[in-house]
């Protein structure tokens with residue numbers, strides 16, 4: 001459990017121990033038990049805290065980010081299995097990213113929120129069953145900010161296509177990252193709906209998921225009506241493999257993205273992290289090379305000469321989005337923070353370390 005005495009939450013430990021934290025701008029908590037009370041205390045006592053990332057933690061059930069006095073701009077909650085409810089209200093939050101099973105997300109008065117991710121990194125049954133809930137989150141619990149979103153990342157696996165459902169228009173959406181089940185018979189219809197709902201979309205990242213033992217394997221997906229899109233310039237297809245349905249997704253996009261300038265193909269295994277030194281990793285690398293050859297043989301000659309065609313050789317593990325314009329995380333102003341942490345941290349926590357996302361415990 002995160003040391004409560006560090007924050008002055010235990011009797012006998014005055015708040016003077018927290019002085020070194022007041023200038024904190026970036027906080028990342030990974031693989032440590034932490035409660036909503038502790039996170040909310042951080043938010044209240046750190047007036048300059050702009051980035052909060054919480055990954056693979058337990059004990060976090062509810063979290064409230066409420067009030068204009070909170071400086072938080074970026075909030076990321078990654079695979080927090082106990083998380084049930086998040087409330088964000090009256091804040092200037094710019095980005096909210098949640099990876100994991102469905103939660104009760106309550107948003108209100110978030111005028112600056114322009115980036116939202118509601119997705120799942122896992123392949124387990126619980127995550128798949130929650131995918132329909134992800135769709136409900138996108139178009140109900142996010143209803144107060146859909147019109148202002150510029151970036152949306154969402155998982156539609158196992159979500160049933162409903163031709164009678166009216167998608168809300170996303171007039172400001174510029175970047176869409178969509179995870180779909182590649183063998184779902186109405187997958188192209190779902191993709192078409194999202195394209196129609198995002199008339200000014202400029203960048204589309206399509207993540208294809210295929211299952212080795214899936215009831216739909218071997219069945220061709222259904223054709224979808226044409227839906228010409230005149231603003232998308234870059235299309236990225238993740239999870240490409242030699243299956244007919246993977247090719248069908250790519251061809252559908254090439255036929256309907258009128259102003260396409262660049263097509264990026266990421267092979268089947270590249271966007272899942274694997275250990276290249278292990279036997280399973282070596283097998284995956286061979287499959288990956290096979291899919292690259294397939295893309296070059298079966299797609300390259302079908303791409304117009306005006307479109308740049310790229311087949312990715314390797315991809316950084318655990319990368320959620322390919323957006324290039326996400327602002328870099330600033331170096332934290334440590335001051336006396338390192339000394340305070342060394343004195344007060346739990347014995348099992350050795351101190352601060354540097355990751356790609358800033359300083360973390």
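Residue numbers (full-length UniProt numbering): 1 to 361. Don't be surprised by glycine CBs; every beta carbon is placed ideally from N, CA and C. Remember, it's a predicted structure, so these values are computed and weren't measured experimentally.
Item to check | residue 38: first and last residue of the uninterrupted alpha helix (DSSP H) it sits in | outcome: 36 to 45
Item to check | Bridge-paired residues (DSSP) for residue 208 | outcome: 180
Next on the checklist: If you reduce the DSSP assignment to three classes, tell me which class residue 102 lands in.
Outcome noted: It is coil, neither helix nor strand.
Item to check | residue 118 versus residue 55 - alpha carbon distance | outcome: Between the alpha carbons of residue 118 and residue 55 lies a distance of about 15 Å.
Checklist entry - Going along the chain, which unbroken runs of the alpha helix (DSSP H) with 4 or more residues stay wholly within the stretch 217 to 290? => result 244 to 256
Item to check | Nearest-angstrom Cα separation, counted from residue 142 out to residue 46 | outcome: 27 Å
Checklist entry - For residue 200, which three-state DSSP category applies? => result coil
Checklist entry - Counting pairs of beta carbons, one from the stretch 221 to 232 and one from the stretch 184 to 204, are three or more of them closer than 8 Å? => result yes
Checklist entry - Since residue 62 is in the beta strand (DSSP E), which residue starts that stretch and which ends it? => result 62 to 66
Next on the checklist: Within 10 Å of its beta-carbon, does residue 295 have 16 or more other beta-carbons around it, so buried, or fewer, so exposed?
Outcome noted: buried
Item to check | DSSP-derived helix/strand/coil call for residue 30 | outcome: strand
Checklist entry - So what's residue 156 in DSSP terms, helix, strand or just coil? => result coil
Checklist entry - DSSP on residue 147, reduced to helix/strand/coil? => result Note: residue 147 maps to helix in three-state DSSP.
Item to check | 8 Å contact criterion, which residue 76 and residue 48 should meet: CB distance rounded | outcome: The pair is not a contact, with the Cβ atoms about 18 Å apart (cut-off 8 Å).
Item to check | Collapsed DSSP secondary structure at residue 142 in the structure displayed | outcome: coil
Item to check | Residue range of the unbroken beta strand (DSSP E) whose run includes residue 161 | outcome: That residue, residue 161, is in no beta strand (DSSP E); it is neither H nor E in DSSP.
Checklist entry - Counting Cβ pairs closer than 8 Å, one from the stretch 109 to 118 and one from the stretch 86 to 99, do we hit at least three? => result yes
Item to check | Span of the beta strand (DSSP E) around residue 76 | outcome: Note, residue 76: beta strand (DSSP E), 74 to 78.
Checklist entry - Bridge partners of residue 175, per DSSP? => result As a beta-bridge residue in DSSP terms, residue 175 pairs with 151, 203.
Checklist entry - Thinking just about the alpha-carbon of each residue, which of 164, 40, 84 is nearest to the one in residue 71? => result Residue 40 is the option with its Cα nearest to residue 71.
Checklist entry - Leaving out the 5 sequence neighbours to the left and right, which residues in its chain are closer than 6 Å to residue 265 when beta-carbon positions are compared? => result Taken in chain order, the residues that qualify are 237, 240, 295, 311.
Next on the checklist: In the DSSP output, what is residue 194 paired with across the bridge?
Outcome noted: Partner(s): none; residue 194 has no beta bridge.
Item to check | Assumed close pair residue 109, residue 148 - CB separation to whole angstroms, cut-off 8 Å | outcome: That belief does not hold up - the Cβ atoms of residue 109 and residue 148 are roughly 12 Å apart, past 8 Å.
Next on the checklist: Going by DSSP in three states, residue 295 sits in which element: helix, strand or coil?
Outcome noted: helix
Checklist entry - Cβ-heavy atom distance between residue 42 and the ligand GTP below 7 Å? => result Judged by which ligands are present, the structure shown has none, so any question about the ligand GTP falls away.
Item to check | DSSP-derived helix/strand/coil call for residue 170 | outcome: coil
Checklist entry - Among residues of its own chain, excluding the 5 on either side of residue 181, which ones have a beta-carbon nearer than 6 Å to its beta-carbon? => result 157, 209
Checklist entry - Could you give the residue range of the beta strand (DSSP E) that holds residue 112? => result DSSP places residue 112 in no beta strand (DSSP E); its state is neither H nor E.
Checklist entry - For residue 52, which residues does DSSP report across the bridge? => result 27, 75
Checklist entry - In three-state terms, what does DSSP make of residue 362? => result Any property of residue 362 remains undetermined from this structure, which presents the chain solely from 1 to 361.
Checklist entry - If we count the other Cβ atoms within 10 Å of its Cβ and call it buried at 16 or more, is residue 42 buried or exposed? => result buried
Checklist entry - According to DSSP, which residues form a beta bridge with residue 187? => result For residue 187, which the question treats as bridged, DSSP gives no partner whatsoever.
Checklist entry - What separation, rounded to the nearest whole angstrom, lies between the Cα atoms of residue 87 and residue 169? => result 24 Å
Checklist entry - Does the beta-carbon of residue 252 have 16 or more other beta-carbons within 10 angstroms, so that it is buried, or is it exposed? => result buried
Checklist entry - Can you tell me whether residue 51 is buried or exposed, with buried defined as 16 or more other CB within 10 angstroms of its CB? => result buried
Checklist entry - So what does DSSP say about residue 107, is it helix, strand or coil? => result strand
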